[in-house]
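FYI, in mature numbering (1 follows the signal peptide of the UniProt record, and there is no 0) the residues of the sequence shown are -30 to -1, 1 to 333.
Only one structure is covered here, and it is reproduced in the block below.
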Amino acid sequence: MALLSWLPHVTSISSTVLILLLFRFHLARAQPSNCTARAVTAVIAFGDSIVDPGNNNVLLTVVKSNFPPYGRDFPGHVPTGRFSNGKIGTDFLASKLGVKELLPAYLGTNLGPKDLVTGVSFASAGTGYDPLTSAVASVTPMWKQLEFFKEYKRTLTGNLGEKKLTRLLSGSLFIVCAGSNDVVEYFSDPMQQLSHGISSYAESLIRSASRFLQDLVSLGARKVGVVGIPPVGCMPSQRLVGGGLSGGCAADRNQLAQTYNAKLNMEVQRLNSNLQGSKLFYVDVYSILLDFIQYPWKHGFEDSKLGCCGTGTVEVAELCNVLSTTCRNASEYVFWDSYHPTQRAYELLIETLIQKYVNFIKG
């Protein structure tokens, strides 16, 4: 009642109206803040299978997942080309930021203006910063994804006009997620290992990543989350080929991932000081996913070493198919196939990342 003690002295406005106004004010103050959602107008993604919702469906490549059992827990139980049993991280990101429920693929989807203005993914499963990585897999290289982005901009310029497009891009959250496939390919190619040590190869990836980021900013990106490499050595497939008799995490793969991540973090800071008007931030997924893997019970998982599909060690893309047996409950697993997280793991990851980087996202 102390807040209302001055009301009897007010004669020009009725006490009832003031009480109602105060009630509405305090009710509004009590509601959870949605400023993060309002701060993002669109989500636009580039990179590899972690953020590819089906762009590879239209490519002549074996790196596809538009067939069962992929998508078994997706709405409608439809295999869309997402490398998961259901949704992937960018779907949860767009949804939790209040942009839209699913982030669609750019290629082969015939999206209308409404879908385009809230963002798309240009990502291609199997790609990397090293041009050899995408060439081996016959998928879209990173530079080509930027060409598709230019096409996307031309389309929206026609629909919105230059000024509205500039405002749209300024309020968009750009996600760049690549590098994992480069690590896998590096350890699959003896010639690469002979010509580059781990530090040297990481440096070459950083140079490619830096060029990509500078080009992206020059095309209008203003808020860019640059995702580091996860603990690749702990993927089921890499445990099998590099984890020794114990089947532990492949230390050399994780060493390259950590070396790259440290260099990427420094490069992002350097770019931030040089690229005026844009804000890039490094996104650490390594430590979060490693915690899922090392302490699965903390996060509600029962298995963090094997994938849900088939034997859980080699099955991915065409090897994880309609003939493969799958686990009963994918939510109990960190990995869906031998490379990629389950829908549940993606959701927990995104929830953690939004909490950790909320100031960058809404700023």
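Yeah, the Cβ is synthetic: ideal placement off N, Cα and C, and Gly gets one too.
Predicted, not measured: the structure shown is a model, and the values here were computed from it.
**Request:** Report buried or exposed for asparagine 25, applying the criterion of at least 16 other Cβ atoms within 10 angstroms of its Cβ.
**Result:** If you draw a 10 Å sphere on the C-beta of asparagine 25, you find 16 or more other C-beta atoms in it, and that means buried.
**Prompt:** For the stretch 187 to 241, which segments carrying the alpha helix (DSSP H) assignment without a break, of at least 4 residues, lie completely within its bounds, in sequence order?
**Reply:** DSSP runs (the alpha helix (DSSP H)) wholly in the stretch 187 to 241: 206 to 212.
**Message:** Taking 7 Å as the threshold (C-beta atoms), are alanine 172 and tyrosine 230 in contact?
**Reply:** Closer than 7 Å, so yes.
**Message:** So arginine 192 and serine 140 are supposed to be a Cβ contact under 8 Å. How far apart are they, rounded?
**Reply:** That belief holds up - the Cβ atoms of arginine 192 and serine 140 are roughly 5 Å apart, short of 8 Å.
**Request:** Determine the direct distance from the alpha carbon of glycine 128 to that of leucine 210, and round the result to whole angstroms.
**Result:** If I take the Cα positions, the gap works out to 51 Å.
**Request:** Ignore the nearest five residues each way along the sequence and tell me which others in serine -17's own chain have a CB closer than 7 Å to its CB.
**Result:** Low local confidence applies: a pLDDT of 42 at serine -17 is under 50, so the model's placement there is unreliable, with the coordinate-based value given in what follows. Counting only Cβ-Cβ distances below 7 Å, and skipping sequence neighbours, we find nothing.
**Request:** Would you decide whether tryptophan 306 is buried or exposed? Buried here means 16 or more other CB atoms lie within 10 Å of its CB.
**Result:** Classification for tryptophan 306: buried.
**Beta-carbon contacts of aspartate 61 that lie in its chain and below 6 Å, excluding the five residues immediately before and after** = Excluding sequence neighbours, aspartate 61 sits near Leu72 and Leu73.
**Request:** Give the DSSP-derived three-state secondary structure of aspartate 18 in the structure shown.
**Result:** Three-state DSSP puts aspartate 18 in coil, outside helix and strand.
**Request:** Note down, in chain order, each residue of its chain lying with its Cβ closer than 6 Å to the Cβ of serine 104, except the 5 sequence neighbours on either side.
**Result:** Cβ-Cβ distances below 6 Å link serine 104 to Thr97 and Pro111 in the same chain, with the five nearest sequence neighbours on each side left out; the list follows chain order.
**Asked** Around the C-beta of tyrosine 40, are 16 or more other C-beta atoms found within 10 angstroms, so that it is buried, or is it exposed?
**Response** By the 16-neighbour rule on beta-carbons within 10 angstroms, tyrosine 40 is buried.
**Item:** Rounded distance between the beta-carbons of leucine 126 and leucine 86, thought under 8 Å
**Value:** Yes, they are in contact, since the Cβ atoms of leucine 86 and leucine 126 sit about 6 Å apart, within 8 Å.
**Prompt:** Would you call the CB atoms of alanine 107 and valine 33 closer than 7 Å?
**Reply:** Yes, the pair counts as a contact, with Cβ atoms nearer than the cut-off.
**Asked** Would you report the Cα separation of glutamate 237 and alanine 93, rounded to the nearest angstrom?
**Response** Cα-Cα distance, rounded: 22 Å.
**Asked** In terms of residue numbering, what span does the alpha helix (DSSP H) encompassing tyrosine 122 cover?
**Response** According to the DSSP assignment, tyrosine 122 belongs to the alpha helix (DSSP H) that extends over 112 to 130.
**Asked** Should histidine 47 be labelled buried (16 or more other beta-carbon atoms within 10 Å of its own) or exposed?
**Response** The residue is exposed, with fewer than 16 neighbouring Cβ atoms inside 10 Å.
**Length of the line joining the Cα atoms of leucine 250 and leucine 293** = When rounded, the distance between both Cα atoms is 43 Å.
**Prompt:** Span of the alpha helix (DSSP H) holding isoleucine 145?
**Reply:** From DSSP, isoleucine 145 is part of no alpha helix (DSSP H) but of the beta strand (DSSP E) over 142 to 147.
**Message:** I believe phenylalanine 16 touches glutamine 115 by the beta-carbon criterion, under 8 Å. Please report the beta-carbon distance rounded to the nearest angstrom.
**Reply:** Indeed they touch by this definition, with Cβ atoms about 5 Å apart.
**Prompt:** Of the choices Pro83, Leu143 and Cys297, whose alpha-carbon is the least far from that of leucine 67?
**Reply:** The option with the nearest alpha carbon to leucine 67 is Leu143.
**Prompt:** Under 7 Å between the Cβ atoms of phenylalanine 37 and glycine 56?
**Reply:** Result no, Cβ atoms of phenylalanine 37 and glycine 56 do not sit closer than 7 Å.
**Prompt:** In whole angstroms, what separates the C-alpha of leucine 289 from that of glutamine 246?
**Reply:** Rounded to the nearest angstrom, the gap between the Cα atoms of leucine 289 and glutamine 246 is 46 Å.
**Asked** Quick check: the stretch 191 to 208 against the stretch 256 to 266, are there 3 or more CB pairs under 8 Å?
**Response** Contact holds: three or more Cβ-Cβ distances are below 8 Å.
**Item:** Coarse secondary structure for alanine 93, derived from DSSP in three states
**Value:** Three-state result, alanine 93: coil.
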